[in-house]
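Residue numbers (our numbering): 822 to 956. C-beta atoms are modelled at their ideal positions from N, C-alpha and C, and glycine is treated no differently. Quantities reported herein were computed from a predicted structural model and do not represent experimental measurements.
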């Protein structure tokens, strides 16, 4: 069952804060070994997806259905928030969070193109001069 953009925004924010709190509670376990540090970066990429979903749904609620989330500033801001949250666990989590987030962003973009089609550009069409010049 689908929910509205406003409800989805609230759900994403709640899950974001729950996951962030869980990462802080289990900070020592997540930084105990190499594999757990990589897992901490993966959890950071889930934070990225959740905060990006929350911001995208908030913008949809405020600005309408045709508003699109752009690479800058929305995606960059969400990536910085997720990397900062991962950095509070361990420094290596920042790197793995960045890599996993880029991978997640690639697949989110593929899903978006499949569902909504290619994005429309706001650039004007090039003007083609059909008249031939006389020499």
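{"query": "Short Cβ contact (8 Å threshold) for residue 862 with residue 918", "result": "yes"}
{"query": "Sufficient close CB pairs (3 or more, under 8 Å) joining the stretch 838–849 to the stretch 882–890", "result": "no"}
{"query": "Distance between beta carbons of residue 866 and residue 921, contact taken as under 8 Å", "result": "3 Å"}
{"query": "Rounded distance between the beta-carbons of residue 830 and residue 897, thought under 8 Å", "result": "Their Cβ separation, rounded to whole angstroms, is 19 Å, which puts residue 897 and residue 830 out of contact at 8 Å."}
{"query": "For residue 851 and residue 910, believed in contact at Cβ under 8 Å, the rounded distance", "result": "5 Å"}
{"query": "Residues of its chain near residue 840, where Cβ-Cβ distance is below 8 Å and the 5 sequence neighbours each way are ignored", "result": "864, 867, 868 and 871"}
{"query": "Per-residue burial, residue 822 [other beta carbons within 10 Å of its own, 16 or more giving buried]", "result": "exposed"}
{"query": "Buried or exposed (CB count within 10 angstroms, at least 16 for buried), residue 837", "result": "buried"}
{"query": "Alpha-carbon to alpha-carbon, residue 878 and residue 949", "result": "40 Å"}
{"query": "Residue of 880, 936, 937 and 903 minimising C-alpha distance to residue 923", "result": "903"}
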